[in-house]
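The numbering used here puts the sequence shown at residues 43 to 950. For each residue, glycine too, the CB sits at the ideal point set by N, CA and C.
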Amino acid sequence: MAQHSKGPRVVIVGLGVVGAAVADELVLRGWTDVSVVEQGPLFETGGSSSHAPGFVFQTSPNRAMTQLAQRTLDKLDGLDVNGEWVSKRVGGIELASTEARLHELRRRLGLAQACGVPAELISPEQIAALWPGLDTSSLLGGLHTPTDAVVKGVRAVEFQARRAQAGGARLLPWTRVSAVHTTGSKVTGVEIRPVEAHGTGPGATQTLPADIVLLCTGLWGPGMARDQLGIALPMLPVEHGFGFSLPSPTGVDAATEVVKPMLRHQDFAMYLREWGDRIAVGAYEHRPLPVAPEQIAGAEDFARTGIHPAVHPFTAEDFAPTWAEAQRLLPGLVGSGEGLAELDTARSFNGIFSFTPDGGPLLGPVPGTAGLWMAQSVWVTQSAGVAQVMADWMTTGDPGIDTHSLDLSRFDPAVVSSRWAREQGEESYDEVYDVIHPKASTLKMRGLRSSAFHSRHRDLGAVFESAAGWERPLWFESNQSLGEAHLGDQPLPDRDAWSARHWSPIVAREARHLREHVGLVDMSSLPRLQLHSAGPSTDDDAAAHSAADPSAHGATGFLLDLHARGLLSRRPSKAVGGIVYALLLDERGGVLSDITLARTGPQSYHLGINGPLDTAWLQARIAEHHSATEDGVQLTDATTGACGLGLWGPQARTVLQSLVEEDLADEHFKFYRARQLRVAGVPVLALRLSYVGELGWELYAPAEFGGFLWDALNQAGQAQQIRPVGRRAFESLRLEKGFRLWGVDMTREHTPLEAGVAFAVAGEAAEKLAALGRTESVPLEPGPLEPGPLEPGPLEPGPLEPGPLEPGATASGTVVPRRRLQCLVLQDPARVVLGHEPVFAPDGAEPLGYVTSADQGYTVGESIAYAWLEGAAHSIGDPVEIEYFGERLAAVLAAEPRFDPRGTRMRG
43 MAQHSKGPRV
53 VIVGLGVVGA
63 AVADELVLRG
73 WTDVSVVEQG
83 PLFETGGSSS
93 HAPGFVFQTS
103 PNRAMTQLAQ
113 RTLDKLDGLD
123 VNGEWVSKRV
133 GGIELASTEA
143 RLHELRRRLG
153 LAQACGVPAE
163 LISPEQIAAL
173 WPGLDTSSLL
183 GGLHTPTDAV
193 VKGVRAVEFQ
203 ARRAQAGGAR
213 LLPWTRVSAV
223 HTTGSKVTGV
233 EIRPVEAHGT
243 GPGATQTLPA
253 DIVLLCTGLW
263 GPGMARDQLG
273 IALPMLPVEH
283 GFGFSLPSPT
293 GVDAATEVVK
303 PMLRHQDFAM
313 YLREWGDRIA
323 VGAYEHRPLP
333 VAPEQIAGAE
343 DFARTGIHPA
353 VHPFTAEDFA
363 PTWAEAQRLL
373 PGLVGSGEGL
383 AELDTARSFN
393 GIFSFTPDGG
403 PLLGPVPGTA
413 GLWMAQSVWV
423 TQSAGVAQVM
433 ADWMTTGDPG
443 IDTHSLDLSR
453 FDPAVVSSRW
463 AREQGEESYD
473 EVYDVIHPKA
483 STLKMRGLRS
493 SAFHSRHRDL
503 GAVFESAAGW
513 ERPLWFESNQ
523 SLGEAHLGDQ
533 PLPDRDAWSA
543 RHWSPIVARE
553 ARHLREHVGL
563 VDMSSLPRLQ
573 LHSAGPSTDD
583 DAAAHSAADP
593 SAHGATGFLL
603 DLHARGLLSR
613 RPSKAVGGIV
623 YALLLDERGG
633 VLSDITLART
643 GPQSYHLGIN
653 GPLDTAWLQA
663 RIAEHHSATE
673 DGVQLTDATT
683 GACGLGLWGP
693 QARTVLQSLV
703 EEDLADEHFK
713 FYRARQLRVA
723 GVPVLALRLS
733 YVGELGWELY
743 APAEFGGFLW
753 DALNQAGQAQ
763 QIRPVGRRAF
773 ESLRLEKGFR
783 LWGVDMTREH
793 TPLEAGVAFA
803 VAGEAAEKLA
813 ALGRTESVPL
823 EPGPLEPGPL
833 EPGPLEPGPL
843 EPGPLEPGAT
853 ASGTVVPRRR
863 LQCLVLQDPA
873 RVVLGHEPVF
883 APDGAEPLGY
893 VTSADQGYTV
903 GESIAYAWLE
913 GAAHSIGDPV
923 EIEYFGERLA
933 AVLAAEPRFD
943 PRGTRMRG
């Protein structure tokens, strides 16, 4: 990379609200060799930013999206362009006209509180006071968020672009990027040419050299990615109706534009606000209107006609129901006399916005091409916040917030296609204002991926969810016969209606049955990789585990190098057959993921990972490793074409032993060991692991053997009462054991110590974290913890791990962190929370933190919640309150894990 006093050479493609903001942020950080290539004119470029209505409601079920919106408004506060305001915090009101919506607003109030967004539930009378002229007769209440704002997209672009330009950035309007150039797997620049306009003919092309290229191409992104990069972006541009009333005497002039709060009327999938002497109304009620790349006008058309490519003709028939409701809500819009307004169809239009399968943006480095980045599908709401994250990420390697729900690599490449992006994008559009349950699953393209056991599951009455395209059983109706459902030793109480969705009392039966007998859990959808290389063994323990030893090479050398750099928390096992639980860490000690490394050969490893983000990260590290060595390290998918089962429970050994010739006694097949077995003749990789805290194995085999393997295990386990067990019971059992779920309980924002997984850090990684000052209390182990009797399993305290430090307590060289993931037990075991709820001190006004994972622990008889709590002064037994739909539920801080603290059952 060409480094000089101005930083690397950066080319940003697109000067919309994201591209302009990133240019500004890079210049503010000292990177001034920035060129922004825009195919349209400066500032009002013709993309989505140029027509965006500018509604910035900060609260989202996604914590990162809320943070980005907060940062956006914080940056734009008080700015102006030629005396015209950029952002105005008029506040927002979400209206409820049904009991279901009012119930949802209570949940959204909790989401706002958990993220520090000022909010309150208000009555219809209070709504009327804030919005004179609004008919509140059908309303039951509303959620008022006084710091939400209107942002003028074009002004935001202009302010940030001009400031970037003043700091040294170069703006290139009416210039098209016709190719992205690479050498090997590294970006080297872009090919540009002037936009043809007014019969000028094609201009000469030239190359703009670059060390970094950032694509902020908005609705043109899918077409550019397809044509120039050969990749499918999981993103769909969709038309969205936006109407204006005719002028009326509102008393608001064009310069002021808006005084009253923005309104969301989600029961009718619409929003509205003042727009000077007009009312502007947006509609999500109509059918999805997807836009293919070929249907988006090019820059030449824009130059010739002056019509923004992101603006399509208004479809009045789609807008009609929304306008009728707007007229009912605002009687002044009926239009029956002088001074009353009607719809201005000439000014109204269908604007194009981008939607992804989960509603989040697509941010980060493009896998496989060093120096190539994207920031796609970003709305004005998160724009400046996204730019800050991108600038930090590009300049320091640390985005500063948890990005796992924002990263463009989060979707499994195995399922991403143009059809998948279209159907998922249409669903995302259709559900923008729907009440979406956190456990809900997509209804699109169901059955895209199914395991080798799917027909057996269906025959057993499985109720499925979809995850990364996989059909996964949640529970089995056939298990209704397992007797009365219990919570501990008491009959299972009824749940409230919300927590009872996507759930069944059968879940409690399955959890208890696995704990008492034996269960089969389909693990086929667990992402797995094979890391391997050719060449001689590095089996010599001393050599293989000396990070400075030049003889360490291949796959093992790669893992040792990651550990030496502090990026892998523990060394791989010395011996073939050993398994290590480890963390992937960023340069600042944040937890990027947790993985299992099973050493299947001198230079081969079976990796259990969390998803495509891990794959992309490992591939990038391998590329770095290859640039410094000649090792032929390869990473291949081990999930596709395979199947997997978790066989767990006190009778698991008895069942499996009857199908294999090898002795499975503990002294012959220890905990955290891997072996190749023939199970009823089926070739199986058996990993003695347990995510549920019971004796058992994960069993992986080629998919073509799946049906036979399932039948053999079920037949062999009849005397032991073997039963299938779904994901809901699996989740409850892992909570009873205190096992963390990456992406929910811990992310890159958290250190191992804060997350309660410091036991998984050793050696050079521990030394680096201590040097960074992020985990002073991590013990510097003299060597790796080898699997066996002294091996803590995932999150499992053992003889070498005393368990979570009591707040305020210190050990040698320890410091209690300022925040920690804490186990909470609700006072009433019948009450269940689901995640994202704020946690308060008793009668407290400001939240202490928020819930991550929660469920009932059916076999321990408790309702368990894990929560991030700020401050060190929290002790076991301290009371707290969790706010759930406006109700404070009493809970206490509890020691963890709640089940089998010494882990004797899974080591048995």
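Is any heavy atom in the ligand NAP found nearer than 7 Å to the beta carbon of residue i?
i	result
F506	Here there are no bound small molecules, and the ligand NAP is not part of this structure.
Can you give the Cα-Cα distance for residue i and residue j, rounded to whole angstroms?
i	j	result
D708	G950	7 Å
L832	V803	Residue confidence for L832 is low, a pLDDT of 30 falling below 50, so the modelled location carries little weight and cannot support an answer.
H479	S508	14 Å
Y733	A771	12 Å
R695	A527	26 Å
L783	H605	22 Å
T178	R149	22 Å
S139	H186	15 Å
S575	T189	55 Å
I321	P889	37 Å
V428	L698	51 Å
Q661	A680	15 Å
H496	A456	19 Å
H878	C157	9 Å
H513	S493	According to the sequence provided, residue 513 is Glu. The question's His does not apply to it. For E513 and S493, the distance between alpha carbons rounds to 7 Å.
S47	R197	30 Å
W415	A296	39 Å
T225	A722	51 Å
What span of residues does the beta strand (DSSP E) with residue i cover, start to end?
i	result
N392	F391 to F397
D564	G561 to D564
F927	Taken as a continuous stretch (DSSP letters only), F927 belongs to no beta strand (DSSP E), as it is neither H nor E.
W739	G738 to P744
P188	Neither: P188 is in no beta strand (DSSP E) and is coded neither H nor E.
G245	First-last for G245: undefined, no H or E at that position.
K228	K228 to P236
From the options, pick the residue whose C-alpha is nearest to that of residue i; which is it?
i	options	result
V237	T249, L814 and V219	V219
V420	L448, D119 and I273	L448
F713	I637, E162 and T946	T946
I164	G184, C157 and P174	G184
Q337	V229, G525, P351 and A325	P351
Q100	S90, T114 and H93	T114
D501	G511, A797, D440 and P515	P515
P547	L741, P569, Q522 and R570	Q522
V323	G738, L288 and L935	L288
T793	G632, L935, S460 and D897	G632
Starting from the C-beta of residue i, find all residues in its chain whose C-beta is less than 6 Å away, skip the five residues before and the five after it, and write them out in chain order.
i	result
G503	F518, E519 and S520
L609	L627
G830	Summary for G830: the model assigns pLDDT 33, below 50, so the residue's position carries little reliability, and this model does not support an answer.
A62	V199, Q202 and A203
L371	D177
V55	V79, V219, L257 and T259
D454	A510 and P654
Under DSSP, the alpha helix (DSSP H) around residue i begins and ends at which residues?
i	result
I169	P166 to L172
H687	Inspection of the sequence shows that residue 687 is occupied by Leu rather than by His. Here L687 belongs to no alpha helix (DSSP H); instead the beta strand (DSSP E) covers A684 to W690.
Y471	S460 to D472
W752	G748 to A758
Q81	First-last for Q81: undefined, no H or E at that position.
Leaving out five residues before and five after residue i in sequence, what residues of the same chain have Cβ atoms less than 8 Å from its Cβ?
i	result
R537	W545, A872 and V874
A221	V232, E233 and Q270
Once you ignore the five residues that flank residue i on each side, which residues in its own chain have a CB closer than 7 Å to its CB?
i	result
G96	V192, V193, K194, G195 and V422
L719	V702, E704, V726 and A728
W910	R861, L863, G891, Y892 and T894
P535	L529 and A872
Determine contact between the region 196-214 and the region 67-85, defined as no fewer than three beta-carbon pairs at a distance below 8 Å.
yes
Does the region 704-718 come close enough to the region 750-760 that 3 or more CB-CB pairs lie under 8 Å?
no
Inter-stretch contact at 8 Å, needing at least 3 Cβ pairs: the region 390-400 / the region 353-361
yes
Quick one: any contact between the region 805-812 and the region 542-560, if contact means 3 or more CB pairs under 8 Å?
no
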